[in-house]
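Student: A single structure is presented below for examination.
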Amino acid sequence: MAAAIASGGQVGRSLPRLEGHDKVTGRAEYTHLMQLPGMLHAKIFRSTVAHGRIKSVNTSAARKMPGVYAVYTSDDVRKVIAEPYYGPAFHDQPILAIGKVHFVGEPVAVVLASDPHVADQAAQQIMADYDELPAVFDEVEASENKTLVHDELRPAGTFADLKHLKGRKWTNIALDFKLRRGDVDKAFATAANVFEHTFRTQKVLHLPLEPHASIADYRDDGITIYSSAQGPSFVRTEIARLLGWPENRVRIKVPYLGGGYGGKLYIKLEALATAMSMLARRPVKIAHTMEEHFYTITKHPSTFRIKSGLDKDGRIIARKCEVWWNGGAYADIGPRVTQKSGFTASGPYDIDNVSIDSYALYTNLTPAGALRGFGVPQLVWAYESHTDMIARALNRDPLEFRKQNLLRDGRPQATGTILKDAAIEKVLDRIAERLNWKQPFDRGKGVIRRGRGFAVALKAVISPTTSVAIVNVSADGSTTLYCGTVDMGQGSDTSMAQMVGEVLNMPAESVRVVPRDTDVTPYDMGTLGSRSLFHMGHAVRLAAEEARNKIGHLRRELGEPEGSNAPIAELFRKKYGMQAGNIIGTGIYKPNYIPPDANGLTTNATPFWMVAGSGVEIEVDTETGHVRITRLINVADVGKPINPKIVEAQLSGASLMQLGFSMFEKMHIDGGQVTNASLADYKIPGIHDVPAVMENEAVDTYQSNGPFGAKGVGELATFGLSPAIANAIDDAVGVRLTELPLTAEAVFRALRAKANKPLGDE
Amino acid sequence: MSPVVTTINFTLNGRPVVADVKPHHNVVEMLQTQFALFGARESCGQGLCGCCTVLVDGRPVSGCLYLAVFLDGAEVVTVEHLATPGKLDPVQQAFIECGAFQCGYCTPGFVMMTKALIGEHADPDDEQIRDYLSGNLCRCAAYPEIINAVKMAARSSKAGPTG
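Residue numbers (the working numbering), protein chains in the order written: chain P, 5 to 766; chain B, 30 to 192.
Structure follows, in structure tokens:
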């Protein structure tokens, strides 16, 4: 490590993570490992049916077990919280099932005991009887409204971007986002070529190695909740609402997260832990097992019907997108996935006539929420497969076809917002250069065939959102940052410290970043959607700049000569006669935003565009269908990296996560029952899945409205990988897969179908 | 549920210790509840992810499957034993310098497994590293950085203690 750091010079350093020492020594704090004195352990009894009225819940055997402290159902919960429903977009999710269950795995009752094994055994003694109701699992079927998941929808009205949601009845559609630009019907009528395809994605999930955990410690005058939460401020607001308390009586403490990826956003176990602690009047810990994640939150399965019309020169003149999002039994943040991803469903192309319909559907499955991309990976899967299929059908080079139609800075994106600082072409060109796209490629002859493919994507970062930060300079000159961004592995503590150091001319290592605690750290909308580096980064920069200005003011007040660099500690001593006092800088950042009109159009959809793509070279074993990725390339526009090493790790990690979603991860569901709810049966990428060659590149760009020219990176490398692989499979063996995951079986079936020797169903 | 409590004696991180354990207690639970050691942690609960890796008589085991009662007479080393005051083990140092983790939840397991790997192969190649670490999962997928860290750790371990 460099001994002395020159003044400034903090931004752009590949500084190792500040919390590294605690992580490699096993001392880093995680909620799942925390214990409070007098704490009870909770174990959840869950629904075994996908949809049904609860006839009875028999808890008597469980209550009688020695060591059981209490057994609670929703009847008990309602004694302490009259309206026990929560959620970020809709207040639709009950703390424990009330009257009905809506998916297999829904929490119905809870056992509390000092010994978690006792609680676990007792939970297995609970019996429930249900009147089963018809259930709906498929998102397209759910849109036809034959089987209703909920009798009435209950919008929340919490977030600024979801204020428009209205309560409705007799529908499974939680939100339908509509975008109309130009006149697609007219354009299709004049098109020389029209292509239509349908793509599907499967149900997968986050599976952070630290499963969800919350500990609630309720007292009559306040509550403290320790939680593995990505959005402590939202948790505080929501718990305060449930309790009817002012926010300052609710304290949320969040240590490091053992992974999040969107799965620990909004309310997960916090409301249940609160209710349990209120009833038990003891601290209560709920710590999920890995299996329980399968009944908590997943990614959205989706169906995307996409249709494009081209003129005789190969320009895309019309694109029609219909997307159905399978949101599961409770809305969670599905409406935002539906709307925000809807903005860019037509892809990074310059198309005059666009029609987008995006539907958030309720079904009787585990709720779906955000997973590293807020729906964008599902969209890119469809539009970049579709774009490649068109190019191949027209005998056009996929690179040239894309470049002909690419959206460029200064042109309106589908929403009407003018594209700015979005290096789509640069990203595409760099992928092509790295792939040597213009050079001939050896596709092999015998059993093993080779192929290559790529894809490029655009996302609008979620807006409008607010971040607040405080920088505190102590009397000895040492500096502390208070910010609510949750470090779940993305390295935010380190990047934020670098920005403070850059402004205040001090090594980032010397900046203390206070762990998230809503009694101390100010408001932040949430650690999600790659928004933190930009939004919180601005707040941190503004707070540090205010502190720097105040230090300058103090210098002048004390009569220091212009350009004096007397140490800060000396200024404090002069001012207060001893080592005393503080200088506090605060920063608040909220970008401008104009909500979409009735046609989904707005001149300001987002403060920054996210751009990324992937390229792959693969081998396909034509005898087994097995696909091996031999080379994986990720290229992204992240603006100017604050910490290049962390940026590279984010690109690499995100793409390897997406490799699992692309190639093999899938929740198998039979009649609403998840049949592979464990790591033994649900495989995630391991070290053997890492391609032999991996290349990650942040193109040389500068985000003109970003903090120090930077913007977010966390989700970027998830966008393009799935279609890049499918395009490469087509390139290698001439078969096209339209449904994820791209398993050996799927490839083999397609090969056999192509050879007119299709395999039977099982 | 009133299972028999067994008293076991073993060596934990170089010190003789005594613990009272029930038959169903695994090593992770005992380390956390009786010795406040949280470096080994349960994640998958099936011995598949390696987050719970500890060394028992020099061999890496999954602490979520290994019953505590079997430790009687054994020598147990956890991640907490690797660093001495002010000085990290070369494996730990290499993990930091290579950025071989993101969220850090799986890191103690990887560090312990790497320790065992280097003990067996002083100069492991890529294939040996991948095979040896195939029982450890990292959902953040810091695998490329982990492979670099293992190589760096092997080099600095061979060079012997410094400073």
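The beta-carbon is built from N, C-alpha and C at its ideal position, and this holds for glycine as well. Note that the coordinates shown come from a computational prediction; the quantities given were computed from them, not determined experimentally.
(1) Any chance the region 701–715 of chain P sits against the region 656–672 of chain P, with 3 or more Cβ pairs inside 8 Å?
(2) Taking Cβ positions, are residue 236(P) and residue 522(P) nearer each other than 7 Å?
(3) Roughly how many angstroms lie between the CA atoms of residue 427(P) and residue 632(P), to the nearest whole one?
(4) Indicate whether at least one CB of chain P lies closer than 7 Å to the CB of residue 147(B).
(5) Between which two residues does the beta strand (DSSP E) holding residue 95(B) run?
(6) Considering residue 243(P), what are the terminal residues of the alpha helix (DSSP H) in which it resides?
(7) Give me the chain P residues within the contact set of residue 53(B), using Cβ-Cβ distance strictly less than 9 Å, ordered along the chain.
(8) Excluding the 5 residues preceding and the 5 following residue 120(P) in the sequence, name in chain order all residues of the same chain whose CB lies nearer than 6 Å to its CB.
(9) Taking the straight line between their C-alpha atoms, what separation do you get for residue 328(P) and residue 368(P)?
(10) Can you give the Cα-Cα distance for residue 759(P) and residue 738(P), rounded to whole angstroms?
(11) Measuring only the C-alpha atoms, how far is residue 729(P) from residue 669(P)?
(12) Please report whether the beta-carbon of residue 691(P) lies at a distance below 7 Å from any beta-carbon of chain B.
(13) I want to see whether chain P comes within less than 7 Å of residue 76(B), judged by CB atoms only; does it?
(14) I'd like the ranges of any alpha helix (DSSP H) spanning at least 4 consecutive residues and lying wholly in the region 84–143 of chain B.
(15) Is it true that the CB of residue 304(P) sits closer than 7 Å to the CB of residue 330(P)?
(16) Just the Cα atoms here: how many angstroms apart are residue 61(B) and residue 515(P)?
(17) Against residue 268(P), what residues of chain B qualify as contacts under a CB-to-CB distance less than 7 Å, listed in chain order?
(18) Measure from the alpha carbon of residue 548(P) to the alpha carbon of each residue in 503(P), 182(P), 307(P) and 221(P), then state which is nearest.
(19) For residue 150(B) versus residue 97(B), is the C-beta distance shorter than 7 Å?
(20) CA-CA distance, residue 14(P) and residue 273(P)?
(21) Quick check on residue 174(P): buried or exposed, where buried means 16 or more other Cβ atoms within 10 Å of its Cβ?
(22) Thinking just about the alpha-carbon of each residue, which of 40(P), 355(P), 165(P) and 38(P) is nearest to the one in residue 599(P)?
(23) Return the first residue and the last residue of the beta strand (DSSP E) that residue 637(P) is part of.
(24) Looking at residue 172(P) and residue 95(P), is the spacing between their C-beta atoms short of 7 Å?
(25) Between which residues of its own chain and residue 11(P) is the CB-CB distance below 8 Å, once the five residues before and five after are set aside?
(26) What's the gap between the Cα of residue 241(P) and the Cα of residue 105(P)?
(27) At 7 Å on the CB atoms, spell out the chain P contacts of residue 173(B), in chain order.
(28) Tell me the rounded alpha-carbon separation between residue 731(P) and residue 746(P).
(29) Using a cut-off of 7 Å between C-beta atoms, extract the partners of residue 136(B) located in chain P.
(30) DSSP beta-bridge partners for residue 226(P)?
(31) Assuming residue 51(P) contacts residue 204(P) (C-beta within less than 8 Å), just tell me the rounded distance between them.
(32) Would the beta-carbon of residue 320(P) fall within 7 Å of that of residue 353(P)?
(33) Using the beta-carbon of each residue, which ones in chain P are nearer than 7 Å to residue 213(B)?
(34) If you reduce the DSSP assignment to three classes, tell me which class residue 589(P) lands in.
(35) Do residue 473(P) and residue 624(P) count as a contact pair if the criterion is CB distance below 7 Å?
(36) Smallest Cα separation from residue 256(P): which of 683(P), 527(P), 417(P) and 751(P)?
Tutor: Put simply:
(1) no
(2) yes
(3) Each residue's Cα considered, the two are about 30 Å apart.
(4) no
(5) Where residue 95(B) is concerned, there is no enclosing beta strand (DSSP E), given that its DSSP letter is neither H nor E.
(6) Its alpha helix (DSSP H) spans residues 236–247.
(7) 121
(8) If the five residues before and after residue 120(P) are omitted, its C-beta is found closer than 6 Å to the C-beta atoms of 45, all from its own chain and listed in chain order.
(9) 15 Å
(10) 11 Å
(11) 15 Å
(12) yes
(13) no
(14) Listed in chain order, they are 119–126.
(15) yes
(16) Those two C-alpha atoms are separated by around 31 Å.
(17) By Cβ distance, chain B contributes nothing, its closest Cβ being about 11 Å from residue 268(P), past 7 Å.
(18) 503(P)
(19) no
(20) In a straight line, the C-alpha of residue 14(P) is about 38 Å away from that of residue 273(P).
(21) exposed
(22) 165(P)
(23) 631–641
(24) no
(25) Note that residue 11(P) scores 49 on pLDDT, short of 50, meaning its location in the model is unreliable and no value can be drawn from it.
(26) 26 Å
(27) Simply 656, 694 and 698.
(28) 11 Å
(29) 27 and 28
(30) 223(P)
(31) 27 Å between Cβ atoms; not a contact.
(32) yes
(33) In the structure displayed, chain B extends from 30 to 192; residue 213(B) sits before or after that span and is not available.
(34) strand
(35) no
(36) 527(P)
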